[in-house]
Amino acid sequence: MSRKSEAKYDHISIEKKWRERWKERGDFTIDLIHARRPFYNLMMFPYPSAEGLHVGNVYAFTGSDIYGRFMKMNGYDVFEPIGFDAFGMHSENFAIKKGVHPASLVPQNIAHFRDRQLKMLGFMFDWSRQVDTTDPLYYKWTQWIFVQLFKNGLAYQKKEPLNWCPSCMTVLASEQVIGGECERCSTKVEQKEMIQWFFRITDYAQKLLDNLAEIDWSEITKSAQRIWIGRSEGADIDFGIDGLDEKLRVFTTRPDTIFGATYMVLAPEHPLVEKITSPEQKKAVENYVRETMEKSEEERIDEAGTKTGVCTGGYSINPANGKKIPIWVADYVLIGYGTGAIMAVPAHDERDFEFAQAFNLPIIEVISPDGKEHELTEAYTGEGVMIHSETFNGIDSLEAIPQITRWFEDRGLGKKAVNFRLHDWCISRQRYWGPPIPIIHCDTCGPQAVPEKDLPVLLPDMEDFQPDGSGKSPLARSDEFVTTTCPKCGGPAKRETDVMDNFLDSAWYFFRYPSTEFDDRPFDSDRTRKWLPVDMYIGGNEHAVLHLLYTRFITMALKDMGFIEFEEPFKTFRAHGLIIKDGAKMSKSRGNVVNPDDFITRYGADCFRTYLMFLGPYTQGGDFQDKGIMGIRRFYDRIYRLVCAGNMAPGMPDDKGLVTLVHKTARDVTFNIKNLEYNTAIAFMMEFLNGMTGADTIYKKPVEILIRLMAPFSPHLAEELWERLGNEGNIFNAGWPEWDDSKIVYDTFQLVAQVNGKVRGTMEAPTDISKDDAIAMAQSNENVGRFTEGKNIVKTIYVPQKLVNIVVK
RNA sequence: GCCGAAGUGGUGGAAUUGGUAGACGCGCCGGUUUCAGGGACCGGUGGGCGCAAGCCUGUGGGGGUUCAAAUCCCCCCUUCGGCACCA
Numbered sequence: 001m002s003r004k005s006e007a008k009y010d011h012i013s014i015e016k017k018w019r020e021r022w023k024e025r026g027d028f029t030i031d032l033i034h035a036r037r038p039f040y041n042l043m044m045f046p047y048p049s050a051e052g053l054h055v056g057n058v059y060a061f062t063g064s065d066i067y068g069r070f071m072k073m074n075g076y077d078v079f080e081p082i083g084f085d086a087f088g089m090h091s092e093n094f095a096i097k098k099g100v101h102p103a104s105l106v107p108q109n110i111a112h113f114r115d116r117q118l119k120m121l122g123f124m125f126d127w128s129r130q131v132d133t134t135d136p137l138y139y140k141w142t143q144w145i146f147v148q149l150f151k152n153g154l155a156y157q158k159k160e161p162l163n164w165c166p167s168c169m170t171v172l173a174s175e176q177v178i179g180g181e182c183e184r185c186s187t188k189v190e191q192k193e194m195i196q197w198f199f200r201i202t203d204y205a206q207k208l209l210d211n212l213a214e215i216d217w218s219e220i221t222k223s224a225q226r227i228w229i230g231r232s233e234g235a236d237i238d239f240g241i242d243g244l245d246e247k248l249r250v251f252t253t254r255p256d257t258i259f260g261a262t263y264m265v266l267a268p269e270h271p272l273v274e275k276i277t278s279p280e281q282k283k284a285v286e287n288y289v290r291e292t293m294e295k296s297e298e299e300r301i302d303e304a305g306t307k308t309g310v311c312t313g314g315y316s317i318n319p320a321n322g323k324k325i326p327i328w329v330a331d332y333v334l335i336g337y338g339t340g341a342i343m344a345v346p347a348h349d350e351r352d353f354e355f356a357q358a359f360n361l362p363i364i365e366v367i368s369p370d371g372k373e374h375e376l377t378e379a380y381t382g383e384g385v386m387i388h389s390e391t392f393n394g395i396d397s398l399e400a401i402p403q404i405t406r407w408f409e410d411r412g413l414g415k416k417a418v419n420f421r422l423h424d425w426c427i428s429r430q431r432y433w434g435p436p437i438p439i440i441h442c443d444t445c446g447p448q449a450v451p452e453k454d455l456p457v458l459l460p461d462m463e464d465f466q467p468d469g470s471g472k473s474p475l476a477r478s479d480e481f482v483t484t485t486c487p488k489c490g491g492p493a494k495r496e497t498d499v500m501d502n503f504l505d506s507a508w509y510f511f512r513y514p515s516t517e518f519d520d521r522p523f524d525s526d527r528t529r530k531w532l533p534v535d536m537y538i539g540g541n542e543h544a545v546l547h548l549l550y551t552r553f554i555t556m557a558l559k560d561m562g563f564i565e566f567e568e569p570f571k572t573f574r575a576h577g578l579i580i581k582d583g584a585k586m587s588k589s590r591g592n593v594v595n596p597d598d599f600i601t602r603y604g605a606d607c608f609r610t611y612l613m614f615l616g617p618y619t620q621g622g623d624f625q626d627k628g629i630m631g632i633r634r635f636y637d638r639i640y641r642l643v644c645a646g647n648m649a650p651g652m653p654d655d656k657g658l659v660t661l662v663h664k665t666a667r668d669v670t671f672n673i674k675n676l677e678y679n680t681a682i683a684f685m686m687e688f689l690n691g692m693t694g695a696d697t698i699y700k701k702p703v704e705i706l707i708r709l710m711a712p713f714s715p716h717l718a719e720e721l722w723e724r725l726g727n728e729g730n731i732f733n734a735g736w737p738e739w740d741d742s743k744i745v746y747d748t749f750q751l752v753a754q755v756n757g758k759v760r761g762t763m764e765a766p767t768d769i770s771k772d773d774a775i776a777m778a779q780s781n782e783n784v785g786r787f788t789e790g791k792n793i794v795k796t797i798y799v800p801q802k803l804v805n806i807v808v809k
């Protein structure tokens, strides 16, 4: 047969054919009401950026889609929706850069994403239920959520020093500051004191933490959340202030060290600083506070370790022993944690030790590892026996913590306390491209929620939408938008002009998917009961403390407000890994960005999908090497030719080895997919093909099994081959291959003969060989004999169906 | 600095209740097909020694436990990720 007439795997026409067929048949539009085995398979919806779909998106979606298709073949009614997270600074900044209005750019981007890219990749999305966060019909309900939180006291305004991104010209939530930089544009953030809207996520800190123990999430994600929530247990203790009728409250995890407190430190922003400063120190303190406020977050991070501060001239009274100790101001104490003030115990805290050394403050050892006194050259932070602690001397420090806490409690000077580093979620943004915060400010009635019947508060169409850095949103420049009447008293009032954080849009989108046809409610309760919580959620771990934490909070709040019956949104979450290119991160500056479109055109979506999954374990990512995709292409070419050749014997082969291979492959591929170990699943399928083509006759049944196993990876090709083999109907309704464990048996195995742990020979032995026979067989091996001759056999180890190890001396 | 994960051929990666290290690919080498050019098929491919049988060596480095260690324990190095003065 000449090369020309040989069957050629034409991926372009095959993929086109099946895209159309699926659309015609409506294969993936599922009946949400009558579904019998609902399975909600969710992936993180993308920003429809103008650069188009990134290979990282394709990687993420493919891994999720394979899982969804696998579940479908296992008989579940899989709901796999997709949408567009199109509000927010990412879209807006890009629009500014291009000089286009986001309202005209975003729909273009969505169309490109959806029609030119996502639809080419063979995902089984239910296109009848999309979500676009910029659609007023969607953000109406984003605003509705705000209103519910406001009514329930979970949304409030407060003035606080906040993270301000000078480039994006807006405040950010602390989760959106990564290493002192803006999460979106990597500009160094500054501190700015402003009045903003917050959500009380801290009310849920304990629950957010506790539930982590119960949910089936990637451990790496759970641990990131645990660290971010940052629970620490200790005590609040009130120190007196010399000459003032005020209390100075501190939080400490080490009340056992209180007799070693030799000074106090206030954060520069602490409200008591001014009151306690003595006239002599006034100037120095004022200078220090001003300098600190002017420092950027970056400078403070860089300086961590070098201690600065000034003495206030004020004194505090240690409630443990009545001693007078000086109060200092220093920036190593943060206003945002605990009470913004500490009792400094230089002997047992590294930071306090450094500070005490820098400013020659006394160091008193109160915890001793061996009960003796020491000359301290560094802080001792471990446990030990208490010394210099009056009536507590001799007590083990661990036991002393509850004792001392109780001692203070009894005297009304302190109490057990728990602190979280988690802060309330700042959701105000001084930007244009987001849902307006649905609040009306009335001078007489205060801030009022926009009545639900008046939602959505439409984002006004403004030609000039650029942020101006004034600390106010561009919306403030529209009188028409701002001017309104108070819903309570009817008097003149002004609308809130900030828009909401983009992460609120995405905190509830999966509630909307199953209920997109309802325009009188955000989500239908029957629908929600049937489909939520989400069964499987796959996405990037970069959202561990952003989206994934906010989402859990919103879900908990919705439950407490009575709208839903569960408090965790995702039963299972798996973080996928990251794709790199030739060992390095992909980036435009390196010029090593993989463009999915090129590979799809050249090799087909099926090949591209499969290759991405072959790069490495899905949860760990992989290294994309352009040449590697040929391996997958060859694999599919071979299968295609095999099926097209058509000369197959019916049914299953008689050959026991082949039968075993069929069952073993079905089993292994199944478990691999369940565990998201797609790379090894593909390897097993390749071995299967190699094993089949090595035989004289090809049988049809094993080929059909292989095609079903590969269907989640290469849906178009699998459909095509399934049809060519004479099957009717969607392969995804054909069921998942079953296997029989009792068929996975071998008559013989390779018996390894070792002498002193080194392999000296291998021989084929019957599976049911006895221990004695196995040992005898090993000893009969010529090479083994060379190493045992003239030696004493000390012992012999037999591991059934594995090896014999003869130990000689 | 602290926490977590990981270091395996030229390369991506397999193998973990401890039991033949390198599955499956890529690349490379040799061959077949009247084959001219990213085709198909067959064979080989960790390193060293050897004509060969085979031997030695080998999973970041160094110790240890064990009949047996990529896998378990201790110390060290490197890389990546997270947190970053959190009291």
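Just so it is clear: in the first sequence, position 510 is 510 by the numbering used here, and no numbers are missing.
Built from N, CA and C at the ideal position, the CB exists for glycine as well.
{"Asked": "Contained beta strand (DSSP E) runs [length at least 3] in the region 62–98, N- to C-terminal order", "Found": "77–79"}
{"Asked": "Distance between K247 and V285 (C-alpha atoms, nearest Å)", "Found": "20 Å"}
{"Asked": "Helix, strand or coil at I335 according to DSSP, with G and I counted as helix", "Found": "coil"}
{"Asked": "Close Cβ partners of M89 (< 8 Å) along its chain, the five nearest in sequence each way excluded", "Found": "C168, T170, R184, C185, R429, R431, W433, N502"}
{"Asked": "Which listed residue (D668, Q620, F199) has its alpha carbon closest to that of E219", "Found": "Q620"}
{"Asked": "Classification of T485 by the beta-carbon crowding that lies within 10 angstroms, buried from 16 upward", "Found": "exposed"}
{"Asked": "C-alpha distance - F39 paired with R231, whole-angstrom precision", "Found": "35 Å"}
{"Asked": "Residue interval of the alpha helix (DSSP H) (run including E811)", "Found": "Nothing in the structure corresponds to residue 811, since the chain is present only between 1 and 809."}
{"Asked": "Rounded C-alpha distance that separates E181 from L558", "Found": "32 Å"}
{"Asked": "M293 in three-state terms, based on DSSP", "Found": "helix"}
{"Asked": "Option nearest V593 by Cα separation, candidates T572, Q130, R609, F624", "Found": "F624"}
{"Asked": "For D747 and I797, the rounded distance between their alpha carbons", "Found": "22 Å"}
{"Asked": "Reduced DSSP secondary structure (H/G/I, E/B, other) of A681", "Found": "helix"}
{"Asked": "C-beta atoms of R69 and P712 nearer than 8 Å", "Found": "yes"}
{"Asked": "Among P271, R254, E15, G491, the one whose alpha carbon lies nearest that of L334", "Found": "P271"}
{"Asked": "Cβ pair count under 8 Å reaching 3, the region 631–642 against the region 670–689", "Found": "yes"}
{"Asked": "6 Å Cβ shell around E764 - same chain, five flanking residues per side excluded", "Found": "T748"}
{"Asked": "Cross-strand partners of K162 (DSSP beta bridge)", "Found": "Strictly speaking, residue 162 in this sequence is Leu, with Lys absent from that position. Paired residues: K192."}
{"Asked": "Contact between the region 757–776 and the region 707–726 (3+ Cβ pairs under 8 Å)", "Found": "no"}
{"Asked": "Cβ contact (3+ pairs, closer than 8 Å) linking the region 492–506 and the region 532–541", "Found": "no"}
{"Asked": "Backbone CA spacing between K72 and L676 [nearest angstrom]", "Found": "16 Å"}
{"Asked": "Beta-carbon contacts of M1 that lie in its chain and below 8 Å, excluding the five residues immediately before and after", "Found": "Note on M1: pLDDT 35, under 50, position unreliable in the model; the coordinate value appears next. For M1, where only same-chain residues beyond five positions count, there are no Cβ hits under 8 Å."}
{"Asked": "Top-ranked residue by Cα proximity to Y550, from A213, Q225, D216", "Found": "Q225"}
{"Asked": "Neighbourhood of S316 by C-beta distance below 7 Å, restricted to the same chain and skipping five residues each side", "Found": "F239, G240, I241, D242, L248, M264, I325, I327"}
{"Asked": "Three-state secondary structure (DSSP) of D10", "Found": "coil"}
{"Asked": "Whether G26 touches H112 by CB criterion (8 Å)", "Found": "no"}
{"Asked": "Buried/exposed call for P836, threshold 16 Cβ in 10 Å", "Found": "Any property of residue 836 remains undetermined from this structure, which presents the chain solely from 1 to 809."}
{"Asked": "Proximity below 8 Å, CB of W531 to CB of L162", "Found": "no"}
{"Asked": "Span separating the alpha-carbon of V189 from that of E294", "Found": "12 Å"}
{"Asked": "S104 beta carbon less than 8 Å from that of Y47", "Found": "no"}
{"Asked": "Option nearest P435 by Cα separation, candidates F573, P166, F87, T601", "Found": "F87"}
{"Asked": "Extent of the continuous beta strand (DSSP E) run through D623", "Found": "621–624"}
{"Asked": "8 Å Cβ cutoff met for L121 and V58", "Found": "yes"}
{"Asked": "For W425, three-class secondary structure by DSSP", "Found": "strand"}
{"Asked": "Buried or exposed (CB count within 10 angstroms, at least 16 for buried), G309", "Found": "buried"}
{"Asked": "Nearest to V250 (by Cα), restricted to the options T610, K275, V418", "Found": "V418"}
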